[in-house]
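Working notes for the structure below.
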Amino acid sequence: MAAPLTATPTDLYGLTLDELRFLMAQWGLNPIHASRVWNRLYLGLASTHDEIHGLPERVRAGLSTHARLGGLSVSSLAESTDGFTRKYLLGLDDGERIEAVLMRFTGRVTACVSSQAGCAMGCVFCATGQMGYRRHLSTAEIVSQVVHVARALALGPEPSRLRNVVFMGMGEPLHNYDAVMKACGILRDPSGLALSAARITVSTVGVVPGIRRMADERSPIHLAVSLHAATQDERAALVPAARKWPLDELMDACRHFCDTLKRRIFFEWTLIEGRNDSELHAHQVGRLICELPVQVNLIPLNPTAGYAGTPTRSEAAKRFQRVLSDDYGIPSTVRQRRGIDIAAGCGQLASPS
Ligand code: SAH
Ligand code: SF4
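Residue numbers for the sequence shown follow numbering that gives the first Met the number 0, so the first one is 0 and each next one is one higher.
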């Protein structure tokens, strides 16, 4: 017998394929049709029930009753003048708004997605931190952002497949660990979007228990740690979360990650002129991380309303890079600036209130 109607329909984009099969059986629908539904979700990138075609009428009707598809509505869309970046402002059911960004770099396209509405970590230079914490996103809300970007790409003038996802949008992904990791599992499913784990990166402000959990669970997902300073006092002034998870504990967790998984970590360093961009700073970070397998991503500060700092100039960024490479053998890149004119750069995402 079919399960009773629930008040809130289940979002199909929050389910693994096994869960979909199980729930279809619970709803009195033959689970043999689950693969077809899955196929329409992740190969057809369906956004409405009508796009899940090829099902017997009874199954289609049952799904419409019990299930829904990604409750995101596009409130606005902005495209950078260079055409490389597109930012979607997405509305959630309860009125919260989040942002997802599609970025085109030479030879690759990346979706930058949010893990929370707002953020509790309060980094002084980040627009999301400046707006404060609203709530965690569900797995369905995370997967739906990726599907949304993948659909935009597939339907664009030069259709292409999405292969890279970074959790560098709004929020702290390791503060919403379970929902984020479940979403990563769904995105990796070989019969769905089939993203490679090596092309999914979770960026954390340094949530030590989350880093340790990734290592202990043998997570295949790539890890980026936002460092920004190489002494506890300087870091705590930029990243209040460092008071809870001090630098020495963070470095121990990073070592545990690299040793356990035999994988490298990316360190992110937002370059702020006169604050953390001197050669001395480069030596400090070099000494701190040189014994780990690492790559450093330098991000010149992007402007936000609540922080007066200015980005490091390119000569100083090059000097910083030279110290890292010549004195410590550490590879680094300076992040290509993308979407600054539409406030879609790192740390610029905040929903208008
Ligand atoms: N919460 C996670 C991921 C989202 S922020 C984290 O902090 O890592 C993604 C990246 O943008 C982080 O490295 C963050 O430090 C950086 N960032 C935040 N504000 C920025 C700004 N104004 N300019 C440049 N980078 C910024
Ligand atoms: Fe949160 Fe990351 Fe912004 Fe810090 S930089 S406030 S952790 S989103």
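Using N, Cα and C, we set each Cβ at its ideal position, and we do this for glycine too.
Which residues bound the alpha helix (DSSP H) around Pro208? Val207 to Asp215
Are the beta-carbon atoms of Glu98 and Ser350 separated by less than 8 Å? yes
Select from Arg162, Arg198, Leu300 and Glu233 the residue whose C-alpha is nearest the C-alpha of Leu222. Arg198
CB of Cys111 to nearest heavy atom of ligand 2: below 7 Å? no
Taking its Cβ as the centre, do 16 or more other Cβ atoms sit within 10 Å of Val295, making it buried, or is it exposed? buried
Can you list, in chain order, the residues of its chain with a C-beta nearer than 7 Å to that of Phe104? Leave out the 5 residues immediately preceding and following it. Gln335
I need the straight-line Cα distance from Trp26 to Gly69, nearest angstrom please. 19 Å
Relative to ligand 2, is the shortest distance from any of its heavy atoms to the C-beta of Ser225 smaller than 7 Å? yes
Apply the 10 Å Cβ neighbour rule to Leu101 and answer buried if 16 or more other Cβ atoms are within range, or exposed otherwise. buried
Whole angstroms are fine: how far does the CA of Arg150 sit from the CA of Asp215? 34 Å
Quick test of your reading: Glu278 and Val322, contact by CB under 8 Å. State the CB separation rounded to the nearest angstrom. 5 Å
Arg103: first and last residue of the uninterrupted beta strand (DSSP E) it sits in: Arg96 to Phe104
Quick check for students: name the residue ranges of the alpha helix (DSSP H) that lie wholly in the segment 11-52, counting only runs of 4 or more. 16-25 and 33-41
Compute the Euclidean distance between the alpha carbons of Asp232 and Glu78, then round it to the nearest angstrom. 39 Å
Out of Ala45, Leu19 and Leu89, which has the shortest C-alpha to C-alpha gap to His65? Leu19
Counting only the same chain and skipping the five closest in sequence on each side, list residues whose C-beta sits under 6 Å from that of Met130. Gly117 and Ala349
Within the present structure, is the beta-carbon of Cys257 separated from the nearest heavy atom of ligand 1 by less than 7 Å? no
Endpoints, the alpha helix (DSSP H) within which Gln320 is located: Ser313 to Arg321
Kindly provide the chain-ordered list of residues whose Cβ lies closer than 5 Å to any non-hydrogen atom of ligand 2. Cys118, Met120, Cys122, Cys125, Thr127, Gly128, Glu171 and Val204
So, for Arg234: in the same chain, excluding its five sequence neighbours on each side, which residues have a beta-carbon less than 7 Å away from its beta-carbon? His227, Ala228, Ala241 and Leu246
Enclosing beta strand (DSSP E) for Thr332 [first to last residue]: Ser331 to Val333
Terminal residues of the continuous alpha helix (DSSP H) containing Cys125? Per DSSP, Cys125 belongs to no alpha helix (DSSP H) and is neither H nor E.
Along the chain, where does the alpha helix (DSSP H) that runs through Ser143 open and close? Thr138 to Leu154
Alpha carbon to alpha carbon, how far is Ser143 from His280? Give it in angstroms, no decimals. 40 Å
For ligand 1, is there a heavy atom less than 7 Å away from the beta-carbon of Phe265? no
Using the C-alpha atoms, what's the distance from Ile298 back to Ala1? Note that Ala1 scores 47 on pLDDT, short of 50, meaning its location in the model is unreliable; the coordinates nonetheless yield the value given after this. Those two C-alpha atoms are separated by around 53 Å.
Take Ser324 and list the residues in its own chain whose beta-carbon comes closer than 8 Å to its own, dropping the five residues that flank it on each side. Pro330 and Ser331
Between the beta-carbon of Gly191 and the beta-carbon of Tyr41, is there less than 8 Å? yes
Going by other Cβ atoms of all chains shown within 10 Å of its Cβ, with 16 needed for buried, is His52 buried or exposed? exposed
Pro368 to Asp17, Cα distance in whole Å? This structure cannot speak to residue 368, because the chain is shown only from 0 to 352.
6 Å CB neighbourhood of Arg85 in its chain, flanking five on each side removed: Glu78 and Leu101
Let's see if you can read the secondary structure: which residues bound the alpha helix (DSSP H) around Gly61? Glu56 to His65
Between Val145 and Val164, which are expected to be in contact by the criterion C-beta below 8 Å, what is the C-beta distance as a whole number of angstroms? 6 Å
Quick one: measure Cβ to Cβ for Leu249 and His147, integer angstroms, because I've assumed they're closer than 8 Å. Wrong, their Cβ atoms sit about 33 Å apart, outside the cutoff.
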